[in-house]
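These notes concern the structure reproduced below.
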Amino acid sequence: MLRRINDTLYSIRNKIGAFTPEIGIVLGSGLGSFADSLQIIHTIPYSTIDHFPVSTVAGHSGRLIFGELFGKHIVAMQGRFHYYEGYTPDEIVLPIRIMKLLGVKTLLLSNAAGGLNETFATGDIMAITDHICFIPNPLIGPNIDAFGPRFPEMGNAYSSKLLQLAKDISQEYQLNIHEGCYVAVTGPSYETPAEVAFYRQIGGDAVGMSTAPEVIAARHAGMEVFALSVITNQAAQKNSVPPSHEEVMREGKKAENKVRCLLTEMIKRV
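So the sequence shown is numbered by the working numbering: it starts at 877 and just counts up by one.
This is the structure we're talking about:
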């Protein structure tokens, strides 16, 4: 595993030279255009990177973008990998581990999610304060000591410092950002009404098919993490309009300006 990771790192280093990112960003469904905010220095299609998975989902461009913003060096993923695509947990978090080896200390993640909290509306943003993960843990198997300990602590998985920064920015720009717990499920089917009721009962505010494994890998490697969900649909109710990926993409696009404002200001102030 470590040899494969190092091969991937070498493949990327050959393309970017000495560029050393300090902030990593993962852009979810419908949110990929945030990379346009950067002064782009290198663009690398996933398909040209050794051992790198390739995104198969609409709305995930499948490129690593290296650039600058406010003098900060940044690497951004336009598209992520999901367990439901057939990738292993190790493959899902490979980019996060590569970011760590490239020099990233702060990781900002975004996703599209279904609303569980009935006070949330489509188009709202939720800063993730905690998660419940039903996707297999990416740390199962032999521990890679080079990244972190066998049993990493997850009590502050979502940085309280970065959450407070996001809250300050949202108040300053009147972004009306919620906070809540993200439930990560395997997909690709959307949730049944009974599952929605269960996720609410155990404390979930939004549900999606990504992010939590990336957070686990990032925290294992000692990175500071902030994550947000764009509420792109309401989770299933009996007799409600069925959710669709097209709706997720459409609503993600609508929320892009708010996401761009928040992430841009966070990068400026980190």
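For every residue, glycine included, the Cβ atom is placed at its ideal position computed from N, Cα and C.
The structure displayed is predicted, hence computed values, not measured ones.
Of the listed residues the options, nearest to residue i (C-alpha basis)
{"i": "Ile925", "options": "Leu914, Arg939, Ser913", "result": "Arg939"}
{"i": "Ser1035", "options": "Met1142, Val1072, Asn1013, Ser1086", "result": "Met1142"}
{"i": "Ser1086", "options": "Ile888, Met877, Ser931", "result": "Ser931"}
{"i": "Arg880", "options": "Asp912, Pro971, Phe942", "result": "Pro971"}
{"i": "Thr1140", "options": "Pro965, Leu985, Thr884, Gly893", "result": "Leu985"}
{"i": "Thr1108", "options": "Gly1080, Asp1000, Asp1021", "result": "Asp1000"}
{"i": "Glu961", "options": "Asn987, Ala988, Pro929, Gly990", "result": "Pro929"}
{"i": "Ile917", "options": "Ile892, Ser937, Gly904, Ile1092", "result": "Ile892"}
{"i": "Ala1060", "options": "Ile888, Thr995, Pro1089, Ala1033", "result": "Pro1089"}
Residue i: CB within 7 Å of a non-hydrogen atom of the ligand FMN
{"i": "Asp1000", "result": "Absence of the ligand FMN from the depicted structure is noted, as is the absence of any ligand whatsoever, leaving it without description."}
Classification of residue i by the beta-carbon crowding that lies within 10 angstroms, buried from 16 upward
{"i": "Lys1134", "result": "buried"}
{"i": "Ala1070", "result": "exposed"}
{"i": "Gln954", "result": "buried"}
{"i": "Gln1110", "result": "buried"}
{"i": "Thr982", "result": "buried"}
{"i": "Asn890", "result": "exposed"}
{"i": "Thr884", "result": "buried"}
Cβ-based neighbour list, residue i, same chain, cut-off 7 Å, excluding 5 preceding and 5 following
{"i": "Val980", "result": "Pro897, Glu898, Ile899, Gly900, Val951, Met1099"}
{"i": "Pro1042", "result": "First, the residue type needs correcting, since residue 1042 is Ala and not Pro in the sequence shown. For Ala1042, where only same-chain residues beyond five positions count, the Cβ hits under 7 Å are Ala1003, Ile1053, Phe1102, Leu1138, Met1142."}
{"i": "Arg1076", "result": "Leu992"}
Proximity test, Cβ basis, 8 Å: residue i and chain B
{"i": "Met975", "result": "Note that chain B does not occur in the displayed structure, where there is just one protein chain."}
Same chain, Cβ closer than 6 Å to residue i, neighbours up to 5 away in sequence not counted
{"i": "Ala911", "result": "Ile941, Ala952, Gln954"}
{"i": "Ala894", "result": "none"}
{"i": "Ala1147", "result": "Summary: the structure shown does not reach residue 1147, with the chain confined to residues 877 through 1146, and so no result is reported for it."}
Delimiting residues of the alpha helix (DSSP H) encompassing residue i
{"i": "Phe1074", "result": "1069 to 1077"}
{"i": "Met1142", "result": "1132 to 1145"}
{"i": "Ser1086", "result": "Segment: none, Ser1086 is in no alpha helix (DSSP H) and carries neither H nor E."}
Element boundaries [beta strand (DSSP E), containing residue i]
{"i": "Ser986", "result": "982 to 991"}
{"i": "His918", "result": "915 to 921"}
8 Å CB neighbourhood of residue i in its chain, flanking five on each side removed
{"i": "Gln915", "result": "Gly943, Glu944, Leu945"}
task: Please confirm if the region 1057 to 1068 is in contact with the region 943 to 954, defined as three or more CB-CB distances below 8 Å between the two stretches.
output: no
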